[in-house]
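Structure, as structure tokens:
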Amino acid sequence: MSETLDCLGQRCPLPVIALARRLAELPVGTVLRVLADDPAAANDIPAWCRLRGQEYLGPAGPDSYEVRRVS
Amino acid sequence: MAYFDAAAGAPLHPAARQALLAAQDDGWADPGKLYTQGRRARQLLDAARAAVADELGVRADEVLFCASGTDAVQAAVQGCRAGTVVHSAIEHSSVLHAVAARPAHAVPVDRLGRVDLGAFADAVAAPGVAAAALISASHEVGTVQPLAAAAQLCAAAGVPLLVDAAQSAGRVPVPDGWSVLSASAHKWGGPAGVGVLVVRKGTRWTPPWPGAEPGRPDQPGTRNLPAIVAAAAGLRAAAAEAKSQAERLFPLVDRIRHEAGRMPDVEVLGDPVDRLPHLVTFSCLYLDGEALLHGLDRAGFAVSSGSSCTAATLRPSHVLEAMGVLSHGNIRISLHRETTGADVDRFLAVLPGLVASLRAEAGVAGL
């Protein structure tokens, strides 16, 4: 199961906040693709995953990042 | 108001202020001229150079004065022969700008912000390397870099090591073995507008400035002599009290690290032990660095931030990116000789409530 979250045009930390909100609503195992063009997203999305114990799968194309809910 | 941004510029040391005022009266003439006033200015310049050399443990004729720390860094790089410049990924932006026009190799750092020595060794041993640049300690997170080991690797590879010592000079000793060192008087309690460049004898380095003449080593143009005199006096005074200040500030930073680390969703950055005595950085999850900075300003604290929203470029700090740590909600605190324990107490009393209220306003509390 996968889903896309469109955060294009949002400045950090808004994409990370949206990611935290949405991932919590999804079942464990779901892959969430976050679309974000703020330059800080490339850094802050993996950092959030590390702090929150979620799995960062890597970039999925330009301005696109994949996260799997693992807990 | 508590000023917590010494890493950007320390308040003028009283010894520097006194020297500045005296030199305004006594050292305004061109030190290159042969009349009485010029000779007096020349004496002041020579004395300032000798004092800086003495504090840095080098010869006076190895010390050059530049118009700023940034100018000194850029000259350090530009004076090296053509070829690749190896540098850590966490150098000050002035180094990154200086290498932008030539081949460069950025060496990664670990999560604490310490350069990967294995990768550094491979990089300096590669063919075509003209120089390596390594900051003495991170200006953003305080982590001390393995300079002595880097210097050995550079010596073995026959590559000059350029050290940006802006955050260390006048505060903590800089290990020996480098070829070129740059520093900024503003960071040690001297006035702004004085950069120091030290080029050890035998280093293959050519002054990069148009019109540089043999025997007149400084960056061309009439230097601000009263500021140079004040910079030297400030360095002497700062170095004399460096050990006692470090012993006083190190535990204050420990307290900030400890208290910030106890707050929910706050990541304290950099090495907790092998670090500068006066500097600490942390990031608060879900917060906007600019909002945090303004909130602290209203509460009476001047701090800095590496978050993208506080940068003119709207890019996060390249240092935080290289470390792979959270870049939003970022605050850097850097203390100095005028900082008191009471200032830190007041800060720690204000910070948790401010972070909580900003999170509540943003609707991210408990997220």
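In order, the protein sequences belong to chains A and B. To convert, note that position 68 of the first sequence is 68 in my numbering; the numbers rise steadily by one, no gaps. To convert, note that position 55 of the second sequence is 1055 in my numbering; the numbers rise steadily by one, no gaps. Just so it is clear, CB atoms sit at the ideal spot from N, CA and C, and this is done for glycine as well. Predicted model only: the values in this text are computed from it and were never measured.
Item	Value
For residue 1323 of chain B, which residues from the same chain have a beta carbon less than 8 Å from its beta carbon, with the 5 sequence-adjacent residues on both sides left out?	1090, 1109, 1110, 1111, 1112, 1113, 1141, 1269
Using the beta-carbon of each residue, which ones in chain A are nearer than 7 Å to residue 1267 of chain B?	51
Counting C-beta neighbours from all protein chains within 10 Å, is the total for residue 28 of chain A 16 or more, i.e. buried, or is it exposed?	exposed
My output table needs one value for residue 1062 of chain B: the three-state DSSP class, helix, strand or coil.	helix
According to DSSP, is residue 1117 of chain B helix, strand or coil?	helix
Who does residue 1127 of chain B pair with in a DSSP beta bridge?	None, per the DSSP bridge assignment.
How long is the line joining the alpha carbons of residue 1032 of chain B and residue 1053 of chain B, rounded to whole angstroms?	20 Å
Between residue 36 of chain A and chain B, is any beta-carbon pair separated by less than 8 Å?	no
Considering only DSSP beta bridges, list what residue 1330 of chain B is partnered with.	B:1283
Helix, strand or coil: which one does DSSP assign to residue 16 of chain A?	helix
Find the residues of chain A that neighbour residue 1320 of chain B, judging by a C-beta separation of less than 8 Å, and give them in chain order.	43
What is the DSSP secondary structure of residue 1137 of chain B, reduced to helix, strand or coil?	strand
Starting from residue 1321 of chain B and walking both ways along the alpha helix (DSSP H), at which residues does that stretch end?	1318–1323
For the stretch 1329–1348 of chain B, enumerate the residues whose C-beta is nearer than 8 Å to any C-beta of chain A, in chain order.	1329
Over what stretch of residues does the beta strand (DSSP E) that includes residue 1087 of chain B continue unbroken?	1084–1088
With a 10 Å radius around its C-beta and 16 neighbouring C-beta atoms as the bar for buried, classify residue 1277 of chain B as buried or exposed.	buried
Between which two residues does the beta strand (DSSP E) containing residue 59 of chain A stretch?	55–59
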